[in-house]
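In order, the protein sequence lines correspond to chains A and B.
For what it's worth, this note's numbering labels the leading residue of the first sequence as 5, then goes sequentially.
For what it's worth, this note's numbering labels the leading residue of the second sequence as 1334, then goes sequentially.
Here a beta-carbon is modelled for each residue, glycine too, at the ideal position from N, C-alpha and C.
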Amino acid sequence: MKYELVSGFETHVELATSTKIFCGCTTAFGGAPNTHCCPVCTGQPGALPVLNKKVVDFAVRAGLALHCKINTVTHLDRKNYCYPDLPKAYQISQYDKPLCEGGYVELPGGKKIGITRIHIEEDAGKLVHERGFTFIDYNRGGVPLIEIVSEPDISSPTEAREYVEQLRQIMRYIGVSDCKMQEGSMRCDVNVSVRPEGSTALGTRTEIKNMNSLNFIERAMEYEFARQVDVLKDGGEIEQATLRFDEKTGETYVMRTKEDAQDYRYFPEPDIFDIIIPDEVVAREKEALPELPLEKTTRYINVLGISPSVAALITKHRKVADYFEKAVKAGAAASRAANFIVGVVYSTLSTEEEKDELSIKVSPEELAELVRLTESGAVNVTVAQSALSKMLASGLPLSEYIAAEDMKGVDDGELERICAEAVKNNPRAVADFKAGKEKAISALYGYVKRATQGKADIKKADAVIKRLI
Amino acid sequence: MNDIQTLHAMLYSGDVSSEELTRFYISEIEKSNPVLNSFVYTDFGNALESAKRADKRIKEGKGSMLTGIPFALKDNICTEGVPTTCCSKILSGFRPCYDATAYSKLKAEGAVLLGKTNMDEFAMGSASETSVYGAPLNPVDLSRVAGGSSGGSAAAVRAGLAPYALGSDTGGSVRQPASFCGVVGFKPSYGAVSRYGLIAYGSSLDQIGTLTLTVKDAAFVFDAVRGADGMDMTSSDIEKTPLSGEVGGLRIAVVKEFFEGLGADIKKAVLSAIEEYEKAGAQVGEVSLPSLGDVLPVYYIIACAEASSNLGRYDGIRYGYRAENYSSVDEMIIKTRTEGFGKEVQKRIMLGTYVLSSGYYDAYYKKARILRERVKEEFKKLFGTFDVIMAPTVPQTAFPLGFTERNPIDMYLSDVCTVPANIAGLPAVSVPCGEDAEGLPVGLQIIGDRFKDYPTLSAAHFADLSGITRRKNSVGGGVK
């Protein structure tokens, strides 16, 4: 029997608000332990939570971007459990009435992964094990999170990767999170079950906790899928369990089984009355929603005529897409500008983070100027590309690298002379061309390019050559 | 004993300085507290320092009503650097790193903190006998309890150890000890006074209240501590109206359920007080609130559920008591909580944990919330046709020492008249209205509509003006 993978994700995304969800402490990453703290986020007796409105705004925006319905009357709940990183012994979260429900994430191939719900909650502190002691750092305690719960619609590790990548891109685009997986600002709990191919029933699932790397997610899913299939093929049963993925061995291990599942004793948070989101807030967030990456990619391909692979590379990073669009607005031919960005600009940015940041020394207007010169034939592509590289490295203006003679190209008399030479020295190609082999003329172009070190405008040369022949 | 208004006049006329006044209360505390056990912590050095600062302020003409007047705080209200233990072993040695909003407002007025007062552990009890420091005694009769949970605050005011005190009221913890000790106890509307810094018991019921000698004093203290607070989302501003004490046309509801199972003396004292109001022109009507039959289970389910969650944080890790000899974090937490919490607190944590657990939530907690809404609705309807409700504060007078431990069910039942105001978030004040055959004070409770705190106090003010509060046993008199 053949089995298929069924997977749903619970993704925690740290919101990029400047202060925590229930107090005024900073959310900045790092900082000496327990310096971003106050009575509220360390759960001092008598302290009370005050909800940061920005958190609600961001969660609404995230919900709208994932096509969810927004529950405009909702509330917070207490999730009670005892652990040293949770100073109140309860986490303020949402249980029966999440802020957002029923949306989807579209993958590049068009498949939609359903979003069950998005709710807001507070992050816990961090335990640090050192020198045989356990220390607690509450700096992260109270940092706002949204938990995005997907439907079990993911059917392969590749889809899982695409899903997480889309989610990350969207969250970054709408400015609600930096989604830095290695810093923990995006973490996934991966639910995995298997079923016979073609079946619609859901098998017993296991949950792999706290994954913060795309590669590990794929590996863990592959391992867990194979493990479950083996168990079933041996006639065994899958036990519902929470698992941990060991990055070194590439295997999953049981943390706890259903028997010792916790009873969180959820109940409505009495310290905060119902959250009522005015319609204006939903309307404002909807209005402010930028064009999302997948829509952008489609538009680049269909309207701007950019190749799908280049379009995807540009839209991957919001700042790059913005930069590109500014250059186009400043008059750059879209396709050429896109190629310059992917070909030249990207070669100076080695990591995804650098592309995300896009702190470069060439303005979109300068790029547009360069593209314009290239398109008009005043500068040829090779020269333009090398000029762009130099500008990116030095930050000096275009005029420093494109000299007057480059701009002029080759004057008409000189071009006439070189074209005549090309015709004279390539009788075979001329004959072929005359006999109807249009492509033969490229040999003459090559001659002109070599003779002028690439400075000649080939369009002009083409006209001259055709006249001479 | 002098009320706030008198002390204020004395300070401003120069008859007495705040320092002299503070020294007087210090000597009273030194004299009586070893017996009464009202205070569990005092810092007289600090009190005298604040008194001197207050004197300077008064001289500069920058003072207000409470400037220079000493007061006491219940031990569950946070004071920066000053021990705040909820009279529990688990918070032994705990000094908060911040001030409660109510306290910082009094501080800003130049009020002089004498110390922290005794209470039931985490405010759970009706006699202050669950305090780790032992029970405070009732100044009226030393063989009886001062009531609870704000027993120390009520006893201190009654015995003249402080002109006023703050307490907290989750199910009657300000009004019941006020009734037992023969002073005025005011529980404002839920949200009228910020709870920031009040160590939580039942978050949706807790409210800081006042213990004073007169109703006017209650209003002065309330003026100073109330108001919307950016640190408490459930707090709000309310409208202030004058305390006229005028009761002509006042519509008083007598709810028959409040008068069931009362001692004869109490019934007589309360009904005769209501007659005084009637004589002065108030209209009295008898009504029934059937949902009051549910209030005790509703109260205990909700209060305990919230308490079980609120008290989860006492794990010995960050502050307070920590058990010795453990081999794991889990064992440390279990031992700390087993040794650190008293029996009554443990009982309520277990009860609260049970009613919230899966499989029981719908039958208990969820049902209690539905019934709570029903109680609120009945009150809302009643206040459409009445201004205030008048009832006894407690069906009994002060219990003998040790009674509540032997009769826990009777103790729970004695909350029946006070918990409705907490369930519905209403303002309620208890004023003395006479004595029983043994000379123990009886309290008349006046309950008003939500956020009608001032009109409620105004109605109660009549009891002071007409002499109801001074019947038989007097709490008036001059500075000894």
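Can you find a CB in chain B that lies within less than 9 Å of the CB of L103(A)?
Your numbering for residue 103(A) matches position 99 in the first sequence. Not an interface residue.
From F344(A), E379(A), V383(A), L353(A), pick the residue whose C-alpha is nearest to that of P368(A); which is it?
As a first step, residue 368(A) is located in the first sequence; it is residue number 364 there, counting from the start. The shortest C-alpha separation from P368(A) is found at F344(A).
Is the CB of G113(A) under 9 Å away from at least one CB in chain B?
Mapped onto the first sequence, residue 113(A) falls at position 109. So, not an interface residue.
Leaving out five residues before and five after T1802(B) in sequence, what residues of the same chain have Cβ atoms less than 6 Å from its Cβ?
For the purposes of this step, residue 1802(B) is identified with residue 469 of the second sequence, where counting begins at 1. Closer than 6 Å at Cβ, skipping near neighbours: V1764, P1765, A1796.
DSSP state of S339(A), grouped into three classes?
Taking the first sequence and counting its residues from 1, the one referred to as residue 339(A) is at position 335. Helix.
Which residues, taken in chain order from the stretch 76-109 of chain A, show a beta carbon closer than 7 Å to some beta carbon of chain B?
So the list reads R82, N84, C86, P88, P91, K92, A93, Y94, given in the order they occur along the chain.
Below 9 Å between beta carbons is the criterion; list the residues of the stretch 269-284 of chain A that meet it against any residue of chain B, in chain order.
Those would be R269, Y270, F271, P272, E273, P274, D275, I276, F277, in chain order.
Using the beta-carbon count (16 or more within 10 Å), is G1594(B) buried or exposed?
For this step, residue 1594(B) is matched to residue 261 along the second sequence. It counts as exposed.
In three-state terms, what does DSSP make of Y94(A)?
Position 90 of the first sequence, counted from the start, is the residue given in the question as residue 94(A). Correct three-state label for Y94(A): strand.
Residues in the same chain with beta-carbon distance under 7 Å from P53(A), minus the five sequence neighbours each way, listed in chain order, please.
Counted from its first residue, the first sequence places residue 53(A) at position 49. F26, V44, I96, D275, I276.
For H1341(B), which of helix, strand or coil comes out of DSSP?
By one-based count along the second sequence, residue 1341(B) stands at place 8. In this structure, H1341(B) counts as helix in the three-state DSSP scheme.
Taking only beta-carbon atoms, is A69(A) less than 9 Å away from chain B?
The sequence position of residue 69(A) within the first sequence is 65, counting from 1. No, A69(A) does not count as interfacial toward chain B.
Below 8 Å on the Cβ atoms is my guess for V286(A) versus I124(A); work out the distance and round it to an integer in Å.
Within the first sequence, the letter at position 282 stands for residue 286(A). Within the first sequence, the letter at position 120 stands for residue 124(A). Contact flag wrong, Cβ pair sits at about 15 Å.
What residues are listed by DSSP as bridge partners for Q1778(B)?
On the second sequence, residue 1778(B) is found 445 positions in, with the first residue counted as 1. Answer is A1724(B), S1763(B).
If we cut at 9 Å on Cβ distances, does G1809(B) have a partner in chain A?
Position 476 of the second sequence, counted from the start, is the residue given in the question as residue 1809(B). Reliability fails at G1809(B), whose pLDDT of 33 lies under 50, so the model's placement of it is uncertain and the value that follows must be treated cautiously. Not one chain A Cβ lies under 9 Å of G1809(B).
Return no unless some Cβ of chain A is closer than 9 Å to the Cβ of R1651(B).
Numbered from 1 along the second sequence, position 318 holds the residue referred to as residue 1651(B). Yes, R1651(B) counts as interfacial toward chain A.
Between D1376(B) and the rest of its own chain, which residues show a CB-CB distance below 7 Å, the 5 nearest in sequence each way excluded?
For the purposes of this step, residue 1376(B) is identified with residue 43 of the second sequence, where counting begins at 1. Within the same chain, D1376(B) has close Cβ partners V1415, G1448.
Ends of the alpha helix (DSSP H) at H1794(B)?
In the second sequence, counting from the first residue as 1, residue 1794(B) sits at position 461. Unbroken alpha helix (DSSP H) run through H1794(B): 1786-1799.
Three Cβ pairs or more, each shorter than 8 Å: is that satisfied between the stretch 1612-1626 of chain B and the stretch 1659-1678 of chain B?
Cβ pair count under 8 Å is below three, so no.
Mind checking Y1647(B): buried by the 16 CB within 10 Å criterion, or exposed?
The residue given as residue 1647(B) occupies position 314 in the second sequence. Classification for Y1647(B): buried.
Note down the Cα distance separating K453(A) from A435(A), rounded to an integer number of angstroms.
Position 449 of the first sequence, counted from the start, is the residue given in the question as residue 453(A). Position 431 of the first sequence, counted from the start, is the residue given in the question as residue 435(A). Straight-line Cα distance between these residues: approximately 21 Å.
Tell me whether G1811(B) sits in a helix, a strand or coil according to DSSP, three-state version.
Taking the second sequence and counting its residues from 1, the one referred to as residue 1811(B) is at position 478. Note that G1811(B) scores a pLDDT of 28, beneath 50, so its modelled location is shaky; the value from the coordinates is reported in the next line. Of the three classes helix, strand and coil, the one that applies to G1811(B) here is coil, per DSSP.
On the DSSP letters alone, give me the boundaries of the alpha helix (DSSP H) that F1357(B) sits inside.
The count along the second sequence starts at 1 and reaches residue 1357(B) at position 24. Segment 1351-1369, the alpha helix (DSSP H) holding F1357(B).
Run down chain A in chain order and give the residues with a C-beta less than 8 Å from the C-beta of C1430(B).
Counting from one through the second sequence, the residue named residue 1430(B) turns up at place 97. The contacting residues are P43, Q48.
In terms of residue numbering, what span does the beta strand (DSSP E) encompassing R1477(B) cover?
Taking the second sequence and counting its residues from 1, the one referred to as residue 1477(B) is at position 144. From DSSP, the beta strand (DSSP E) with R1477(B) extends over 1474-1478.
What does the alpha-carbon distance come out to for the pair P1510(B) and V1775(B)?
Stepping through the second sequence from its first residue, residue 1510(B) is reached at position 177. Stepping through the second sequence from its first residue, residue 1775(B) is reached at position 442. Going from the Cα of P1510(B) to the Cα of V1775(B) covers about 11 Å.
Taking Cβ positions only, does V60(A) come closer than 9 Å to chain B?
Mapped onto the first sequence, residue 60(A) falls at position 56. V60(A) does not count as touching chain B.
Can you give me the start and stop residues for the alpha helix (DSSP H) that L371(A) sits inside?
Start at 1 with the first residue of the first sequence, and residue 371(A) comes out as number 367. 368-380 is the span of the alpha helix (DSSP H), which, as asked, contains L371(A).
By the three-class DSSP mapping on this structure, what secondary structure does D326(A) have?
Taking the first residue of the first sequence as 1, we reach residue 326(A) at position 322. Three-state result, D326(A): helix.
Any beta-carbon of chain A closer than 9 Å to the one on C1411(B)?
For the purposes of this step, residue 1411(B) is identified with residue 78 of the second sequence, where counting begins at 1. So, interface residue.
Closer than 8 Å, Cβ to Cβ, to anything on chain A: give me those residues from the stretch 1661-1684 of chain B, in chain order.
Answer in chain order: V1662, I1666.
Please classify S398(A): does DSSP put it in a helix, a strand, or coil?
Numbered from its first residue, the first sequence carries residue 398(A) at position 394. Here S398(A) sits in helix by DSSP.
With which residues is A245(A) paired in a DSSP beta bridge?
For the purposes of this step, residue 245(A) is taken as residue 241 along the first sequence, with counting starting at 1. BP columns for A245(A) point to T210(A), T261(A).
Return the chain-ordered ranges of every alpha helix (DSSP H) run that is complete within the stretch 1565-1640 of chain B and spans a minimum of 4 residues.
As far as the stretch 1565-1640 of chain B is concerned, its whole alpha helix (DSSP H) runs of at least 4 residues are 1597-1612.
Would you list the one or two residues that DSSP bridges to M190(A)?
Within the first sequence, residue 190(A) is the residue found at index 186, counting from 1. Paired residues: V17(A).
Looking at the C-beta of L1689(B), does it have a partner C-beta in chain A at a distance below 9 Å?
Here residue 1689(B) refers to the residue found at position 356 of the second sequence. Cβ-Cβ to chain A under 9 Å: yes for L1689(B).
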